[in-house]
Each structure stands twice: as structure tokens, then as C-alpha cells.
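A.B. asks:
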Amino acid sequence: MGLSVSDRGKAVATFRYVHVELMETLAQWTPTCPEMEVKLMLGEHIWDAAQNADALGKRTRELRLPLQHSLKPVDAYVTLLEEIRQEPDTCRRLSGLYDAILPGLDARYHAYFEQTDALLDGPTVRILEQVRNTSARMIKQSRELRAELPAVGNVDHGWIETLKQRDSRIPTLVS
Amino acid sequence: MQALSAADTTVIRGITVRRGPAREACFTVVEENSKLSFNADPDFEKGKDMSEGMRRNRIHTHMHNEMQNLEIAAQTLVDFPDTSWELRMELARQCWDESRHSAVLLRRLQEMGGHKGEFPVMHYEWNITCMQDSLAARLAIQNRTFEGGEMDILKVHVQLWRDAGDEATAALLEGILSDEIHHVRFANVWLKRLAKDDPRILLKVLTGISFMKWVSTVFAPTPEDVNASGARVADTVHPNPTNVEDRRLAEFTDQEIGELLRQDGFGHIVPRPG
Numbered sequence: 318m319g320l321s322v323s324d325r326g327k328a329v330a331t332f333r334y335v336h337v338e339l340m341e342t343l344a345q346w347t348p349t350c351p352e353m354e355v356k357l358m359l360g361e362h363i364w365d366a367a368q369n370a371d372a373l374g375k376r377t378r379e380l381r382l383p384l385q386h387s388l389k390p391v392d393a394y395v396t397l398l399e400e401i402r403q404e405p406d407t408c409r410r411l412s413g414l415y416d417a418i419l420p421g422l423d424a425r426y427h428a429y430f431e432q433t434d435a436l437l438d439g440p441t442v443r444i445l446e447q448v449r450n451t452s453a454r455m456i457k458q459s460r461e462l463r464a465e466l467p468a469v470g471n472v473d474h475g476w477i478e479t480l481k482q483r484d485s486r487i488p489t490l491v492s
Numbered sequence: 012m013q014a015l016s017a018a019d020t021t022v023i024r025g026i027t028v029r030r031g032p033a034r035e036a037c038f039t040v041v042e043e044n045s046k047l048s049f050n051a052d053p054d055f056e057k058g059k060d061m062s063e064g065m066r067r068n069r070i071h072t073h074m075h076n077e078m079q080n081l082e083i084a085a086q087t088l089v090d091f092p093d094t095s096w097e098l099r100m101e102l103a104r105q106c107w108d109e110s111r112h113s114a115v116l117l118r119r120l121q122e123m124g125g126h127k128g129e130f131p132v133m134h135y136e137w138n139i140t141c142m143q144d145s146l147a148a149r150l151a152i153q154n155r156t157f158e159g160g161e162m163d164i165l166k167v168h169v170q171l172w173r174d175a176g177d178e179a180t181a182a183l184l185e186g187i188l189s190d191e192i193h194h195v196r197f198a199n200v201w202l203k204r205l206a207k208d209d210p211r212i213l214l215k216v217l218t219g220i221s222f223m224k225w226v227s228t229v230f231a232p233t234p235e236d237v238n239a240s241g242a243r244v245a246d247t248v249h250p251n252p253t254n255v256e257d258r259r260l261a262e263f264t265d266q267e268i269g270e271l272l273r274q275d276g277f278g279h280i281v282p283r284p285g
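Here the protein sequences come in this chain order: L and D.
Quick note, this note's numbering runs 317 ahead of the 1-based positions in the first sequence.
Quick note, this note's numbering runs 11 ahead of the 1-based positions in the second sequence.
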């Protein structure tokens, strides 16, 4: 049967909130990460996250919500994002975002595709496909950078697994 | 914007400014022009030393400035979360542009045999701009003034590198200049919009510009100051005439361009109003 217009609007507005939050997180880390090459990668990804948010925000208007409308996700997810945003260590920042949060979001886009009518909700599907492609590139770039600069590539695997588990225990982002 | 804490600021020559962004240990950050290491080889025209070391120094300084511009745009996104989405998109795009500029300059530096951290650097623009608690003042200082000035410098430097036979670097700087025009333009457009919506922001802009001028005066080297390379600081700089064509593209008015030309000593060619 697919999702209602209201359900789709809420999901899109919630994804938009997440991408604005990611943009701000990346922006906050840019002056506070010492490593030059990391800063330069974050600068590119700020723009990627902004474009994702912008595309989602244009779609909210088409789904009976205001233009560039955001909805705050469930508290557990907001807390997760906030904890990663406040993380001071570059290695943890990079692994937390690129190894846990972005792959977790990808799984949520996939779940959305399974629930929605891809024909009726084609514009959202197209936007999320683009977001997935962008996220895949961001993850790839971060892995290449960490391979190039081993000093920022140390991953605390236990911590990442904990983050992933916390993320996967949140059934939906929509509050 | 949240009020700055004591940990966010530092004091340089008696003036409280925003504490510099994080840097790798390879960078030597200095607080005064006289601690930089520009050469002034007398074989070259004043301020236009293009010896091998100075070529790398110029690229290194520019690379670091572009990274600092990225950091300023990023910090502004963080400090003003409630500003219009359209303007936030401009700042986000600027972040990518400045990242690319810094990355291509790092690549060029490495092609020349140089490396990051090879020369001392300053946080002058960050120190001043990120001290401002209004977005309009930041746009006026960073985009309209500092980047506007960079447009003038880049036009001279494109020719400097071309005259030195380095077409690759000249072409690279031309590409950067093209992007910078838009950063200045969107600031000009938004300053007008913001002032129209709330004329009180003009006071913030004026306060910010006064602060910038005060810091610049206090930080300015004396004519006899000698830098870390043993060169008189005054001999390491050259005039950068107003880049009229690009300032027009960046939506400076004829009146504003006329005022800049007068400051350059070309007042006699500026048409009188009326």
C-alpha cells in the first residue's frame, strides 16, 4: 500500500534535519581538527551534506510541508548525533561518522525504498538515490584518506560496534 | 551566536581576538608580519621576488590562507545556525571552494618540491573575523574586505607568475580568482538584503570594520621592521591596484569602485558625480 503523503513528508523532513545536523557537525570539526588533509575533506563534505539537505527541503514543500522544513528525529538518535558531534578526537570523529552513522543512514534509506511506492513517490526515491551515491563517495574518500594518513585511521572497533548497535536499535528516526 | 568564552579568545598586542584554529605541529604560527619569512631579493622589483624559495613561500602562504578561509566559512555556519537557508547554502558552497583552492595549492607546492609547514603562517583573518558576533559584520570583513582585497592581489599575481614563465600556476590562480568573485558577490548581495530587512545591522558592520581597522593598525609593521628572513617588511610588499573588472562582477557599485581608485591614487580618472 505504501506510505501516506503525511508519512512521506515526515520521513523526508526528518532526513533533512539529519543532513543539516551533519553539515553543522562537519563545519564544527573543520577548525578544530588539526590535520590539514582532514579539514580539506570535511570542507567538501559540508557542501555535500548541504546539497542533500537542500534537495530534501525542496521535497518537503511538495509533500504539504513548508519549504526547507525539518523535523527533529527521535531523542535516541538526536543524542547519538550530538555525542559524535562533541567527540574531540579526529580518529573517532572520522570512524564514528563514516563507519557508523553514514552506513546506518544508508540502511534507513533502503528501508524507506521498501515501504514507499517507488512510482508514486518517485521524486523522493530519486533524491534518496542521489543522497546514497553522495554518501558512498564520502565514505570512500574518508577510507582513502585514512589509508593515506594512518595517524587518523586508528579505529576503536569496540566503540564503533557500540555506535552501530545503538543506531540499529532505533527502529525509526521519525518522532 | 553563543557568547565567546575566555578559552575561545587570545590577546595579541593588547587586543582580544578569536583564538586561532587547530594546526598540525608542522606549522609554525606567528602573530606578527615581522615573524614571516618573505624574501626581498634586490634582483627583483620591490615586493616581486620570484626566486625559487619565494615561489614556494607565496604558494604556501596562499594555501594556508585558503584553508583559513574554509575554517572561517565553516565556523560562521556553526555560529549562526538560525540564518536563512539560502545564505547557509552559499557559505557551505564556499567551504568546498576554499577546500579545493587549498588542495590545488598544496598539490602545486609539492610539485615545486615544497611541503606544508615549510614557512611560518598567520591567523590574522580568522583572529579578526571570527571575533564578530554578527553575520553581517563577518560577511563585510571576510568576504567583502579580505576576499575583495584578494581579488586585487590575485590579478597582479596571475601576471607575476606568467611573467616568471610559470603558466601552470598563473592558470591555477585565475581559476581561484573566478571562484572568489562569487564569494564577494554573494556577500554584497546579502549585506544589502540584511540591511534592508534590519537597518540596525549596519551598526554591527560599522563596529566590525572599525575593529578590523584598529587591529590592522596595531598589527602593522613599522617601515624599518625586519622579518625572519632579514628583509625589511616594507620591501616584501607591492601595491595591488583595484581590480575594477572583477569588482564589478562582484557587484561593487561604481561609486565604491571609484572610492577604491581614489585610495589607489587614481582619483583624477574617476568621473565626478552629477
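Glycine residues also receive a C-beta, built at the ideal position from the N, C-alpha and C atoms.
Note that the structure is a prediction, hence the values are computed from the model and not measured.
Would you kindly report the start and end of the unbroken alpha helix (DSSP H) that includes D/S187?
C.D. replies: It should be pointed out that residue 187 of chain D corresponds to Ile in this sequence rather than to Ser. Where D/I187 is concerned, the enclosing alpha helix (DSSP H) stretches over E178 to D208.
A.B. asks: Between L/L357 and chain D, is the shortest Cβ-Cβ distance under 9 Å, so that the two count as touching?
C.D. replies: For L/L357, the answer is yes, since a Cβ of chain D falls inside 9 Å of its Cβ.
A.B. asks: Examine chain D for any beta-carbon lying closer than 9 Å to the beta-carbon of L/W476, and answer yes or no.
C.D. replies: So, not an interface residue.
A.B. asks: Taking Cβ-Cβ distances shorter than 7 Å, what residues in chain L pair up with D/R306?
C.D. replies: With chain D represented from 12 up to 285, any question about residue 306 of chain D goes unanswered, as that position is not in the structure.
A.B. asks: In this structure, how does DSSP classify L/I401 when only helix, strand and coil are distinguished?
C.D. replies: L/I401 falls in the helix class under three-state DSSP.
A.B. asks: Could you tell me the distance, in whole angstroms, from the CA atom of L/L343 to the CA atom of L/N471?
C.D. replies: So the alpha carbons of these two residues sit roughly 19 Å apart.
A.B. asks: First and last residue of the beta strand (DSSP E) that includes D/R29?
C.D. replies: Segment I26 to R29, the beta strand (DSSP E) holding D/R29.
A.B. asks: Can you tell me where the beta strand (DSSP E) with D/V22 in it begins and where it stops?
C.D. replies: Run containing D/V22: T20 to I23, per the beta strand (DSSP E) assignment.
A.B. asks: Can the beta-carbon of D/H71 be found less than 9 Å from the beta-carbon of D/L120?
C.D. replies: Yes, these two residues count as a Cβ contact at 9 Å.
A.B. asks: Is any beta-carbon of chain A found at less than 9 Å from that of D/R34?
C.D. replies: You won't find chain A in this structure, because its protein chains are L and D.
A.B. asks: Residues of the stretch 79-97 of chain D in Cβ contact with chain L at a cutoff of 7 Å, in chain order, please.
C.D. replies: Flagged, chain order: L81, E82, A85, Q86, L88, V89, P92 and W96.
A.B. asks: Taking the straight line between their C-alpha atoms, what separation do you get for L/G413 and L/P420?
C.D. replies: When rounded, the distance between both Cα atoms is 10 Å.
A.B. asks: Only counting runs of 4 or more residues, tell me where the alpha helix (DSSP H) segments fall wholly within the stretch 337-413 of chain L, in order along the chain.
C.D. replies: The stretch 337-413 of chain L contains these whole alpha helix (DSSP H) runs: 353-379, 392-402 and 407-412.
A.B. asks: Less than 9 Å between the beta carbons of D/H249 and D/E63, yes or no?
C.D. replies: Not a contact, by the Cβ cut-off of 9 Å.
A.B. asks: I believe L/I487 touches L/D416 by the beta-carbon criterion, under 8 Å. Please report the beta-carbon distance rounded to the nearest angstrom.
C.D. replies: Their Cβ separation, rounded to whole angstroms, is 17 Å, which puts L/I487 and L/D416 out of contact at 8 Å.
A.B. asks: Which residue marks the beginning of the alpha helix (DSSP H) containing L/P440, and which one marks its end?
C.D. replies: First-last of the alpha helix (DSSP H) with L/P440: G439 to E465.
A.B. asks: Taking buried to mean at least 16 other C-beta atoms within 10 Å of its own C-beta, is L/A468 buried or exposed?
C.D. replies: With fewer than 16 other Cβ atoms within 10 Å, it is exposed.
A.B. asks: Under 7 Å between beta-carbons, which chain L residues line up against D/R104? List them in chain order, please.
C.D. replies: In chain order: W364.
A.B. asks: Restricting to runs no shorter than 3 residues, where is the beta strand (DSSP E) found entirely within the stretch 93-119 of chain D?
C.D. replies: With a minimum length of 3 residues, no continuous beta strand (DSSP E) run stays inside the stretch 93-119 of chain D.
A.B. asks: Looking at L/E379 and the ligand GDP, is the gap between the Cβ and the nearest heavy atom below 8 Å?
C.D. replies: You won't find the ligand GDP in this model; it holds no ligand whatsoever.
A.B. asks: Judging by CA-CA distance, which residue of L/E352, L/W346 and L/A370 is the nearest neighbour of L/T451?
C.D. replies: Among L/E352, L/W346 and L/A370, the Cα nearest to that of L/T451 belongs to L/A370.
A.B. asks: Looking only at DSSP bridge pairs, what is D/R243 linked to?
C.D. replies: BP columns for D/R243 point to D/V237.
A.B. asks: Rounded to the nearest angstrom, what separates D/D309 and D/T140 at their Cα positions?
C.D. replies: Residue 309 of chain D lies beyond the residue range present for chain D, which begins at 12 and ends at 285; the question has no answer from this structure.
A.B. asks: Note down, in chain order, each residue of its chain lying with its Cβ closer than 6 Å to the Cβ of D/L146, except the 5 sequence neighbours on either side.
C.D. replies: So the list reads F91 and T94, once near-sequence residues are dropped.
A.B. asks: For L/R575 and L/M358, I'd like the C-alpha separation in whole angstroms.
C.D. replies: Only positions 318 to 492 of chain L appear in the structure, and residue 575 of chain L is not among them; the question remains open.
A.B. asks: Mind checking who D/V40 pairs with in its DSSP beta bridge?
C.D. replies: Paired residue(s): D/V132.
A.B. asks: Of all the options D/I268, D/D60 and D/D190, which has the alpha carbon lying nearest to the alpha carbon of D/E256?
C.D. replies: The option with the nearest alpha carbon to D/E256 is D/I268.
A.B. asks: Which two residues bound the contiguous alpha helix (DSSP H) that contains D/L260?
C.D. replies: Unbroken alpha helix (DSSP H) run through D/L260: V255 to L260.
A.B. asks: Assign D/G160 to one of three DSSP states: helix, strand, or coil.
C.D. replies: It is helical.
A.B. asks: Helix, strand or coil for D/L146, going by three-state DSSP, please let me know.
C.D. replies: Of the three classes helix, strand and coil, the one that applies to D/L146 here is helix, per DSSP.
A.B. asks: Within the same chain, show all residues whose beta-carbon is closer than 7 Å to that of D/D19, passing over the 5 residues directly before and after it, in chain order.
C.D. replies: Same-chain partners within the cutoff: R29 and R30.
A.B. asks: Using alpha carbons as the reference points, say which of D/L15, D/M12, D/E101 and D/E129 lies closest to D/D190.
C.D. replies: It is D/E101 whose Cα lies nearest to the Cα of D/D190.
A.B. asks: Closest Cβ-Cβ distance between L/P467 and chain D: below 9 Å?
C.D. replies: Answer no: the Cβ-Cβ gap between L/P467 and chain D never drops below 9 Å.
A.B. asks: Hey, how far is the Cα of L/T507 from the Cα of L/M340?
C.D. replies: No information on residue 507 of chain L is available, as it lies outside the stretch 318 to 492 that chain L covers here.
A.B. asks: Which of helix, strand or coil does DSSP assign to D/M74?
C.D. replies: Looking at D/M74 - three-state DSSP - the assignment turns out to be helix.
A.B. asks: Give the interface partners of D/M142 over in chain L, defined as CB-CB distance under 9 Å, in chain order.
C.D. replies: Residues of chain L passing the Cβ test: none, with the nearest at roughly 14 Å.
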